[in-house]
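The structure appears below as structure tokens.
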Amino acid sequence: MVLTPPGTTAVTTRSLVNAILKISSTPVSLDMGAIPFSISAGWSVYPQDAADANQLILAARAALTEANRTGGGHERRASAELTNAYAVTSNLEQDLLKAVEDDALFLKWMPIVDTASQKIVGHEALLRWTRPGHGEVAPNLFIRYAEEVGMIEALDSWSLRNACQAALHWPTPLRVCVNVSPVWLVNERLAPLVEAVLTETGLPPGRLQIELSECRPFGPSDIAFRELSRVRALGVRLAIDDFGAGYSSLERLRIYPLDQIKLDRAFVQYLGEDMRADEIMYAILSLARSLNITCCAKGVETEHQMALLDANGCEEVQGYLLGAPIRDSHVPHLAQT
Numbered sequence: 010m011v012l013t014p015p016g017t018t019a020v021t022t023r024s025l026v027n028a029i030l031k032i033s034s035t036p037v038s039l040d041m042g043a044i045p046f047s048i049s050a051g052w053s054v055y056p057q058d059a060a061d062a063n064q065l066i067l068a069a070r071a072a073l074t075e076a077n078r079t080g081g082g083h084e085r086r087a088s089a090e091l092t093n094a095y096a097v098t099s100n101l102e103q104d105l106l107k108a109v110e111d112d113a114l115f116l117k118w119m120p121i122v123d124t125a126s127q128k129i130v131g132h133e134a135l136l137r138w139t140r141p142g143h144g145e146v147a148p149n150l151f152i153r154y155a156e157e158v159g160m161i162e163a164l165d166s167w168s169l170r171n172a173c174q175a176a177l178h179w180p181t182p183l184r185v186c187v188n189v190s191p192v193w194l195v196n197e198r199l200a201p202l203v204e205a206v207l208t209e210t211g212l213p214p215g216r217l218q219i220e221l222s223e224c225r226p227f228g229p230s231d232i233a234f235r236e237l238s239r240v241r242a243l244g245v246r247l248a249i250d251d252f253g254a255g256y257s258s259l260e261r262l263r264i265y266p267l268d269q270i271k272l273d274r275a276f277v278q279y280l281g282e283d284m285r286a287d288e289i290m291y292a293i294l295s296l297a298r299s300l301n302i303t304c305c306a307k308g309v310e311t312e313h314q315m316a317l318l319d320a321n322g323c324e325e326v327q328g329y330l331l332g333a334p335i336r337d338s339h340v341p342h343l344a345q346t
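Positions 10 to 346 (this note's numbering) are the ones given, in order, by the sequence shown.
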């Protein structure tokens with residue numbers, strides 16, 4: 010930590026920070042050769058960035074956290090936005106771990122609708138968390154954080170067990186869809202987890218669909234294929250979520266034993282408005298059909314989108330047109346309507 014004298018301006022402070030970064034970027038000479046290294050810096054100025062010493066240090070730490078995200082050799086000045094975000098994530102790991110231990114997480118359910126009959130055929134489990142003192146935390150924030158600190162397996166295990174347990178109370182044909190991190194493929198622990206949860210809850214395997222996001226790396230393809238094949242051998246359905254949002258969609262269709270692809274909402278939002286979007290969607294649907302893989306379109310918000318998807322053979326849809334995510338107590342009733 011570096012403290013500057015009272016009255017030091019932001020311009021002078023930034024110059025000092027950049028001078029420190031420049032000095033620190035000089036490679037260190039050792040017997041084995043020059044070793045490059047770099048540091049990042051976060052800084053704040055009183056009273057513009059904070060009202061007292063404690064808040065000034067907090068603001069600088071928040072700025073440093075942001076600078077570290079962009080890689081070594083960067084500096085960042087504090088801002089109210091960064092400080093507020095840092096306050097939210099401070100102690101996040103401990104609070105999230107306690108939420109898992111205390112069973113304080115909860116699930117919401119996004120209905121999945123058969124395009125032709127417009128009847129509900131299942132629900133996707135959406136993990137949610139109300140953090141004491143902070144309210145409901147955005148899922149992209151705490152799930153991404155869990156991945157960064159190695160807690161995602163604990164969240165996935167909680168979601169899978171509770172989702173399967175909840176599905177036991179639904180009408181029998183309905184399936185439950187649960188997202189898991191591809192990290193389970195890398196460590197080859199997905200099949201044992203799924204088998205244990207099915208045994209524990211008694212849910213028929215055919216009513217469970219495991220979904221993995223296209224946006225996440227699957228690790229070595231041979232290991233991923235082996236693990237997914239083991240899961241499918243249990244009688245569980247497999248799906249790629251956010252299809253088209255990643256960089257290797259077609260390769261994954263070729264390699265992995267999939268039952269369904271869930272089309273990213275980016276493909277759906279321009280349907281009927283952009284000819285290229287229409288042609289891309291139709292090509293994907295045709296390809297999936299030829300591979301005997303069903304399609305579920307996400308983010309459906311208009312009747313026109315629904316009609317286009319139905320006319321071109323998209324089997325299932327999700328989106329606010331069909332229903333917003335709901336809490337547990339409403340699922341059995343809604344499923345029968």
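Where a beta carbon is used, it is the ideal one built from N, C-alpha and C, also for glycine. This one's a predicted model, so the numbers in the text were calculated from it and none came from an experiment.
* To do: Can you say whether T35 is buried or exposed, counting buried as having 16 or more other CB atoms within 10 angstroms of its CB?
  => As a working mapping, residue 35 is identified with position 26 in the sequence shown. With fewer than 16 other Cβ atoms within 10 Å, it is exposed.
* **Separation of P15 from K307, as counted between CA atoms** => The count along the sequence shown starts at 1 and reaches residue 307 at position 298. The count along the sequence shown starts at 1 and reaches residue 15 at position 6. In this structure, the alpha-carbon of K307 lies about 55 Å from that of P15.
* To do: Could you check the C-alpha separation between T92 and D61 for me, to the nearest Å?
  => For this step, residue 92 is matched to residue 83 along the sequence shown. For this step, residue 61 is matched to residue 52 along the sequence shown. One C-alpha to the other measures close to 14 Å.
* To do: Would you list, in sequence order, the uninterrupted beta strand (DSSP E) runs of no fewer than 3 residues that lie entirely inside the stretch 214–278?
  => Those beta strand (DSSP E) runs which fall completely within the stretch 214–278 and span 3+ residues are 217–222, 246–252, 269–272.
* Bounding residues of the beta strand (DSSP E) (the contiguous stretch that carries L136) -> What you label residue 136 is simply residue 127 of the sequence shown in a count that begins at 1. First-last of the beta strand (DSSP E) with L136: 129–140.
* Asked: How about L221 and Y154: do their beta carbons lie closer than 7 Å?
  -> Taking the sequence shown and counting its residues from 1, the one referred to as residue 221 is at position 212. Taking the sequence shown and counting its residues from 1, the one referred to as residue 154 is at position 145. In this structure, L221 sits away from Y154, with a CB-CB distance that is not shorter than 7 Å.
* **C-alpha distance - R198 paired with Y265, whole-angstrom precision** => Reading the sequence shown from its first residue, position 189 is the one you call residue 198. Reading the sequence shown from its first residue, position 256 is the one you call residue 265. In a straight line, the C-alpha of R198 is about 17 Å away from that of Y265.
* **Buried or exposed by the 16-neighbour rule on C-beta atoms within 10 Å, applied to C305** => In the sequence shown, residue 305 corresponds to position 296, counting from 1. Classification of C305: buried, given that the 10 Å Cβ count is 16 or more.
* Taking all protein chains shown into account, decide if N171 is buried (16 or more other Cβ within 10 angstroms of its Cβ) or exposed. => For the purposes of this step, residue 171 is taken as the residue at position 162 of the sequence shown. Buried: at least 16 other Cβ atoms inside 10 Å.
* Asked: Does DSSP put P36 in a helix, a strand or coil?
  -> The count along the sequence shown starts at 1 and reaches residue 36 at position 27. P36 carries a coil assignment under DSSP once its states are collapsed to helix, strand and coil.
* With burial defined as no fewer than 16 other Cβ atoms inside 10 Å of the residue's Cβ, what is the status of C224: buried or exposed? -> Here residue 224 refers to the residue found at position 215 when the sequence shown is read from its first residue. By the neighbour-count criterion, in which 16 or more other beta carbons inside 10 Å mark a residue as buried, C224 falls on the exposed side.
* **Under 7 Å between C-beta atoms of M119 and Q314** => Along the sequence shown, one-based indexing puts residue 119 at 110. Along the sequence shown, one-based indexing puts residue 314 at 305. Not in contact: M119 and Q314 (Cβ atoms no closer than 7 Å).
* Per DSSP, T303 is paired with what? -> The residue you call residue 303 lines up with position 294 of the sequence shown. Beta-bridge pairing links T303 to Q269.
* Excluding the 5 residues preceding and the 5 following A408 in the sequence, name in chain order all residues of the same chain whose CB lies nearer than 7 Å to its CB. => A question about residue 408 goes unanswered here, because the residues of the chain that appear run from 10 up to 346.
* In chain order, which beta strand (DSSP E) runs of at least 3 residues are fully inside the stretch 70–94? -> Within the stretch 70–94, the complete beta strand (DSSP E) runs of at least 3 residues are 84–86.
* **Where P14 falls: helix, strand or coil (DSSP)** => As a working note, residue 14 is residue 5 in the sequence shown. In the three-state DSSP reduction, P14 falls in the coil class, being neither helix nor strand.
* R261 versus N77: straight-line alpha-carbon distance, rounded -> Along the sequence shown, one-based indexing puts residue 261 at 252. Along the sequence shown, one-based indexing puts residue 77 at 68. Between R261 and N77, the C-alpha separation is close to 33 Å.
* To do: May I have the straight-line CA-CA distance separating I121 from L331, to the nearest angstrom?
  => Numbered from its first residue, the sequence shown carries residue 121 at position 112. Numbered from its first residue, the sequence shown carries residue 331 at position 322. Using only the alpha carbons, I get a separation of about 8 Å.
* Is it right to say G5 is buried, meaning 16 or more other beta carbons lie within 10 angstroms of its own, or is it exposed? -> The structure shown does not extend to residue 5, since the chain spans only 10 to 346, so no value can be given for it.
* **Of the listed residues R70, A96, A333, E90, nearest to E84 (C-alpha basis)** => Numbered from 1 along the sequence shown, position 75 holds the residue referred to as residue 84. By alpha-carbon distance to E84, the top candidate from R70, A96, A333, E90 is R70.
* Below 8 Å on the Cβ atoms is my guess for L194 versus E236; work out the distance and round it to an integer in Å. => Along the sequence shown, one-based indexing puts residue 194 at 185. Along the sequence shown, one-based indexing puts residue 236 at 227. Rounded, the Cβ-Cβ distance is 5 Å, consistent with contact.
* Looking only at C-alpha atoms, which of L183, Y55, L106 sits nearest to G159? -> Sequence index remark: in the sequence shown, residue 159 carries index 150 (1-based). For the residues L183, Y55, L106, the minimum Cα distance to G159 belongs to L106.
* Please report the residue range of the beta strand (DSSP E) in which I121 lies. => Within the sequence shown, residue 121 is the residue found at index 112, counting from 1. That run of the beta strand (DSSP E) goes 114–123.
* For V185, which beta-bridge partners are listed by DSSP? -> The residue given as residue 185 occupies position 176 in the sequence shown. According to DSSP, residue pairing for V185 in a beta bridge involves H132, L217.
* Asked: Where L294 and S24 are concerned, what is the direct C-alpha to C-alpha distance, given to the nearest angstrom?
  -> Within the sequence shown, numbered from 1, the residue matching residue 294 stands at position 285. Within the sequence shown, numbered from 1, the residue matching residue 24 stands at position 15. The alpha-carbon atoms of L294 and S24 are separated by roughly 56 Å.
* Asked: What is the DSSP secondary structure of R198, counted as helix, strand or coil?
  -> Residue 198 sits at position 189 when you count from the first residue of the sequence shown. Here R198 sits in coil by DSSP.
* Is E324 buried or exposed, if buried means 16 or more other CB atoms sit within 10 Å of its CB? -> If you number the sequence shown from 1, residue 324 lands on position 315. It is buried - the Cβ of E324 has at least 16 other Cβ atoms within 10 Å.
* Asked: What residues match up with R336 in a beta bridge as DSSP calls it?
  -> Looking up residue 336 in the sequence shown gives position 327. K117, per the DSSP bridge assignment.
* W167, enclosing alpha helix (DSSP H) - first and last residue -> One-based indexing of the sequence shown puts residue 167 at position 158. Per DSSP, W167 belongs to the alpha helix (DSSP H) from 161–176.
* Proximal residues to I48 (C-beta, below 6 Å), its chain only, five neighbours per side dropped -> Position 39 of the sequence shown, counted from the first residue, corresponds to residue 48. So the qualifying residues of the chain are S33.
* Using 10 angstroms around the beta-carbon of P124, count the other beta-carbons present and answer buried if the total reaches 16, otherwise exposed. => Within the sequence shown, numbered from 1, the residue matching residue 124 stands at position 115. Note on residue identity: the sequence assigns Thr, not Pro, to residue 124. Buried: at least 16 other Cβ atoms inside 10 Å.
* To do: Please indicate yes or no: does the CB of D61 lie closer than 6 Å to some heavy atom of the ligand HEM?
  => For the structure depicted, the ligand HEM is absent and the ligand set is empty, with no information on it obtainable.
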